[in-house]
Amino acid sequence: MVMRADDMIDRRHLRRKLTFWRVAALLIAAIGIAAASTWLYGDELGTATNHIAKVKIEGTIVESDELLQRLEKIRKSKSVKGVILSIDSPGGTTAGGEAIFDAVRRIADEKPVVAQVGALAASAGYMVASATEHIVARQTSIVGSIGVLVQYPDISGLMDKLGVKLEEIKSSPLKAEPSPFKPTSDEARAMIRSMILDSYNWFIGLVQERRPLTHEQVMALADGSVFTGRQALEKKLVDELGGEHEAVQWLSSKGVDKKLKVIEWKPTRSGASLLLDSSLGQAVSRALGVPNPGDDIIRKIGAERLFLDGLVSLWHP
Numbered sequence: 001m002v003m004r005a006d007d008m009i010d011r012r013h014l015r016r017k018l019t020f021w022r023v024a025a026l027l028i029a030a031i032g033i034a035a036a037s038t039w040l041y042g043d044e045l046g047t048a049t050n051h052i053a054k055v056k057i058e059g060t061i062v063e064s065d066e067l068l069q070r071l072e073k074i075r076k077s078k079s080v081k082g083v084i085l086s087i088d089s090p091g092g093t094t095a096g097g098e099a100i101f102d103a104v105r106r107i108a109d110e111k112p113v114v115a116q117v118g119a120l121a122a123s124a125g126y127m128v129a130s131a132t133e134h135i136v137a138r139q140t141s142i143v144g145s146i147g148v149l150v151q152y153p154d155i156s157g158l159m160d161k162l163g164v165k166l167e168e169i170k171s172s173p174l175k176a177e178p179s180p181f182k183p184t185s186d187e188a189r190a191m192i193r194s195m196i197l198d199s200y201n202w203f204i205g206l207v208q209e210r211r212p213l214t215h216e217q218v219m220a221l222a223d224g225s226v227f228t229g230r231q232a233l234e235k236k237l238v239d240e241l242g243g244e245h246e247a248v249q250w251l252s253s254k255g256v257d258k259k260l261k262v263i264e265w266k267p268t269r270s271g272a273s274l275l276l277d278s279s280l281g282q283a284v285s286r287a288l289g290v291p292n293p294g295d296d297i298i299r300k301i302g303a304e305r306l307f308l309d310g311l312v313s314l315w316h317p
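The numbering of the sequence shown is the numbering used here, which starts it at 1 and goes up by one.
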């Protein structure tokens with residue numbers, strides 16, 4: 001009996017050691033794969049291989065520090081010979097579009113940049129596209145929606161039905177206006193409209209500066225209308241119909257070797273998140289008994305549009 005008990009204890013120790021070394025082996029393999037990827041893809045990842053950088057601008061646009069840093073790394077990268085912005089966005093915050101626009105213009109001062117529109121480049125999405133030197137769109141892409149808006153709910157009627165009353169004391173009549181808790185005053189409407197028109201005129205100025213259009217032509221297009229890619233080409237909002245192939249061909253006309261590999265510069269993540277997002281990382285997660293983080297459901301369904309603050313350049317039917 002003593003020998004059997006000792007055998008059982010030894011077996012348990014052996015199993016623990018095996019589990020430890022299995023997890024350690026998986027972690028070492030993951031680090032090796034990450035290091036290999038680091039060596040293969042991009043200057044920020046430690047390679048000098050010449051390539052065409054591709055950056056996806058998808059979903060609702062906001063001011064993202066990570067994206068702006070990624071664009072700056074692309075600008076500084078000696079191995080990046082040209083840039084493709086792959087855009088599929090209904091727009092987002094006006095400030096977010098402005099920040100990306102400025103970052104793209106800094107890149108364009110040093111290397112050729114082309115926009116490739118997928119299903120949609122509307123409002124702030126089109127603002128970003130206009131920062132490039134050439135815009136390629138599909139025949140059935142949706143392009144345009146040049147404009148700015150502010151939206152807010154008015155729940156004062158509901159409050160009346162519920163018998164709820166809001167009391168407030170403020171320093172001046174326009175403080176914290178407009179408010180969802182009461183009808184908007186004429187003064188508040190005038191204040192918001194003045195702010196919107198100022199940003200709208202700024203947006204129009206960007207389009208006029210970047211596209212071969214007169215002020216009058218831009219004004220005729222900047223009524224919030226959206227256009228198909230074919231209509232946008234006719235109206236000079238885009239330069240060419242097609243996809244990534246045409247984008248690469250345009251880059252080659254600017255001296256970029258069209259045989260260079262197109263490499264997507266994906267969002268930078270910590271080593272831990274890279275590990276957990278990989279299939280190997282999922283295996284490690286299972287071995288360690290911890291859950292694997294899933295996709296952001298709110299971002300996937302586009303519900304983040306409901307929570308945008310500030311001036312918005314967004315198209316949503």
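We treat Cβ as the ideally placed atom computed from N, Cα and C, and that holds for glycine. As the structure is a computational prediction, the values presented were derived from the model and not from experiment.
Skipping 5 residues on each side, what residues in its chain have a beta carbon closer than 7 Å to that of residue i?
i      : result
THR140 : THR228 and GLY229
SER156 : PHE181, LYS182 and PRO183
Out of the options, which has the shortest C-alpha to C-alpha gap to residue i?
i      : options                           : result
SER145 : LYS165, ASP223 and THR184         : ASP223
VAL218 : HIS245, TRP250, ILE192 and SER130 : SER130
SER86  : GLU264, LEU311 and THR268         : GLU264
VAL148 : GLU234, ALA137, ARG105 and ARG193 : ARG193
ALA220 : ARG210, ILE204, GLU209 and ASP160 : ILE204
ALA115 : GLU187, THR268, LEU237 and LYS78  : LEU237
PHE101 : VAL80, GLU133 and SER79           : GLU133
ALA247 : GLU216, VAL113, PRO173 and GLU58  : VAL113
ALA108 : ARG210, HIS245 and SER89          : ARG210
ASP88  : SER64, ALA121 and VAL104          : ALA121
Applying the criterion that 16 or more other CB atoms from any shown protein chain within 10 Å of the CB defines a buried residue, is residue i buried or exposed?
i      : result
GLN151 : exposed
ALA190 : exposed
ALA53  : buried
ILE28  : exposed
THR19  : exposed
ILE135 : buried
SER253 : exposed
Does the distance from the C-beta atom of residue i to that of residue j stay below 8 Å?
i      : j      : result
VAL62  : GLY118 : no
SER171 : GLU177 : no
GLY243 : ARG138 : yes
Which same chain residues, not among the five before or five after residue i, have their C-beta less than 6 Å away from its C-beta?
i      : result
ALA124 : ILE61, GLY91, GLY92, GLY97 and SER313
VAL80  : ALA53 and ILE74
TRP250 : VAL114 and HIS134
State the DSSP-derived secondary structure class of residue i, mapped to helix, strand or coil.
i      : result
PHE227 : strand
ASP88  : strand
LEU68  : helix
LYS73  : helix
GLY205 : helix
VAL164 : coil
LEU233 : helix
ALA122 : strand
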